[in-house]
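Engineer:
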Amino acid sequence: MNSPKVVVLDYGSGNLRSAVRAVERAGAEVELTSDFQTALDADGLLVPGVGAYAACMAGLRAIKGERIIGRRLAGGRPVLGICVGMQILFERGVEHGVETEGCDEWPGVVERLQAPVVPHMGWNTVEVPTGTTMFAGIEDERFYFVHSYGVREWTLVTNDRTRPPLVTWAEHGPEGEADRFVAAVENGPLWATQFHPEKSGDAGAALLRNWVATL
Numbered sequence: 501m502n503s504p505k506v507v508v509l510d511y512g513s514g515n516l517r518s519a520v521r522a523v524e525r526a527g528a529e530v531e532l533t534s535d536f537q538t539a540l541d542a543d544g545l546l547v548p549g550v551g552a553y554a555a556c557m558a559g560l561r562a563i564k565g566e567r568i569i570g571r572r573l574a575g576g577r578p579v580l581g582i583c584v585g586m587q588i589l590f591e592r593g594v595e596h597g598v599e600t601e602g603c604d605e606w607p608g609v610v611e612r613l614q615a616p617v618v619p620h621m622g623w624n625t626v627e628v629p630t631g632t633t634m635f636a637g638i639e640d641e642r643f644y645f646v647h648s649y650g651v652r653e654w655t656l657v658t659n660d661r662t663r664p665p666l667v668t669w670a671e672h673g674p675e676g677e678a679d680r681f682v683a684a685v686e687n688g689p690l691w692a693t694q695f696h697p698e699k700s701g702d703a704g705a706a707l708l709r710n711w712v713a714t715l
């Protein structure tokens, strides 16, 4: 049986080699590229992201990455966003008073976390929904986060016309002062994590294997 082919989208965002290696270890054949057609044709597309929302969106638009994502999803083809690669899937981001349009696959605003200490950096547990494929077998594990911004309110309402996305939550901060934010989303072919599976040890490796198994 052939390994599924995954493209890690290269749009100038951060250290991509660790993502490539992690997905290879999960059982996929991986190519790091910004080529439009190659990214469109792959069995799976991984969209990484490190740094500022506006800079990531500018890099993504420079290679028509938002069109790649949109066309893949219109055809039911899997996409996985990681960290800022998850954030840019939402409608918009607000950083330092600057508002930037995102890919608008989901409604919602990426904004600064409201916790006593920011950034949220280190290992944390997540609140996993029932019926998850992403977290199958790793529902009680911890994952590695590095971020100052997140989606603090989930606003998509499907009114039962389509299967609602499975939303995973996490909290950052001491009890009584903790801020709650979206940690992961499973929405048909579109999966995303605020944490870094490639930095999350065995649990992150298992999550990536779960994703590769769907391709």
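Counting with the numbering used here, you get residues 501 to 715 for the letters of the sequence shown. Note that the Cβ used here is the ideal one computed from N, Cα and C, for glycine as well.
1. Inspect the CB distances between the region 690-703 and the region 576-586 and report whether three or more fall short of 8 Å.
2. Rounded to whole angstroms, what is the Cα-Cα separation between Gly650 and Ser503?
3. In terms of residue numbering, what span does the beta strand (DSSP E) encompassing Arg592 cover?
4. Can you find the residues in the same chain that come closer than 6 Å, C-beta to C-beta, to Asp604, ignoring five residues on each side of it along the sequence?
5. If you draw a straight line from the alpha carbon of Gly512 to that of Ile568, how long is it in whole angstroms?
6. Please state the DSSP three-state secondary structure of Leu580.
7. What three-state label does DSSP hand Arg561 in the structure shown?
8. Going by the beta-carbon positions, is the gap between Gly676 and Val617 smaller than 9 Å?
9. Confirm the yes/no value for this check: CB of Gly631, any heavy atom of the ligand SAH, distance under 8 Å.
Structural biologist: Walking through what the data contain:
1. yes
2. The residue you call residue 650 lines up with position 150 of the sequence shown. The residue you call residue 503 lines up with position 3 of the sequence shown. Those two C-alpha atoms are separated by around 33 Å.
3. Translated into the one-based positions of the sequence shown, residue 592 becomes position 92. Where Arg592 is concerned, the enclosing beta strand (DSSP E) stretches over 590-595.
4. What you label residue 604 is simply residue 104 of the sequence shown in a count that begins at 1. Closer than 6 Å at the Cβ level, and outside the excluded window around Asp604, lie Glu591.
5. Reading the sequence shown from its first residue, position 12 is the one you call residue 512. Reading the sequence shown from its first residue, position 68 is the one you call residue 568. So the alpha carbons of these two residues sit roughly 16 Å apart.
6. To locate residue 580, count along the sequence shown from 1; it is residue 80. If DSSP states are grouped into helix, strand and coil, Leu580 belongs with the strands.
7. Counting from 1 along the sequence shown, the entry for residue 561 is found at position 61. It is helical.
8. On the sequence shown, position 176 is the one that residue 676 refers to. On the sequence shown, position 117 is the one that residue 617 refers to. In this structure, Val617 does not lie closer than 9 Å to Gly676 by Cβ.
9. In the structure on display, the ligand SAH does not appear, and there are no ligands present to speak of.
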